[in-house]
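Only one structure is covered here, and it is reproduced in the block below.
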Amino acid sequence: MTIQLTHFSAAFVFALFASIVFGITHRETTRDMLRYGLYCFAMFLGGVLLAGWAMWFIRR
Amino acid sequence: MANSTTAKTKPAAAPAQPASVMSIIAPAVGWLVPGAGHIVQRRWVRGALLFVSIGTLFVLGLMMQGHIYKANGGDILDILGFIGDLGAGGMYITTLAMNWGQGAIAFAVADYGTKFMIVAGLLNFIAVADAYHIAIGKKQ
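These protein sequence lines are chains H and E, in that order.
For what it's worth, our numbering labels the leading residue of the first sequence as 27, then goes sequentially.
For what it's worth, our numbering labels the leading residue of the second sequence as 5, then goes sequentially.
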């Protein structure tokens, strides 16, 4: 069984699961874990979008 | 005088923790099955989340036809890929035993799959370290 993810959906899935692991392992309390996980997720996806737009401008 | 200055600036040393059985079992079990190191220490939710996150990344990588690295002494990137994959523990052993992940990378998404599996292994190394810290009482 094979699947074909788009570039963005692959980045989304990666960001989601990596952020969960970072949140759990890098903070002590549940609240801090949640906040740090959300922060990592936002940074991952924000970085993807920023890099995407940067490449779009470079290409033009 | 010098002693009192040193005592003020130096942080108090943490008391030495005796090596418990759990400090050996939790990392070992956590390496074999992602999240199991937390589950054996009754951190049910954290263990389940780690299992789902790391397991899904690894399985998705396989389904995207990613490549799995075997032990090798060649290119440095191949060696690093092997070390990353090795972190997935039981999933990596099963994948090798079933001869999965051996296809050539023919398209970009398959390369993402390869990276997914390496990252899953590296994340499991972090989870193993976390399980160890819980076992020795450094983290709750």
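Don't be surprised by glycine CBs; every beta carbon is placed ideally from N, CA and C.
Computed from a prediction, not measured in an experiment: that's the story for all the values here.
{"query": "Less than 8 Å between CB atoms is the rule here; does residue 68 (chain H) satisfy it with respect to chain E?", "result": "no"}
{"query": "Return helix, strand or coil for residue 86 (chain E), following the three-state DSSP convention.", "result": "helix"}
{"query": "Under a CB-based cut-off of 8 Å, is residue 34 (chain H) close to chain E?", "result": "no"}
{"query": "Distance cutoff 8 Å, beta carbons only. Does residue 46 (chain E) sit that close to anything in chain H?", "result": "no"}
{"query": "Cβ of residue 84 (chain H) less than 8 Å from any chain E Cβ?", "result": "no"}
{"query": "Using a Cβ cut-off of 8 Å (strictly closer), state whether residue 71 (chain H) contacts chain E.", "result": "no"}
{"query": "Relative to the C-alpha of residue 44 (chain H), which residue among H:82, H:66, H:83 is closest?", "result": "H:66"}
{"query": "What residues from the segment 50-80 of chain E come within 7 Å of chain H, judged by C-beta to C-beta, listed N to C?", "result": "50, 53, 54, 57, 58, 60, 61, 64, 67, 68, 69"}
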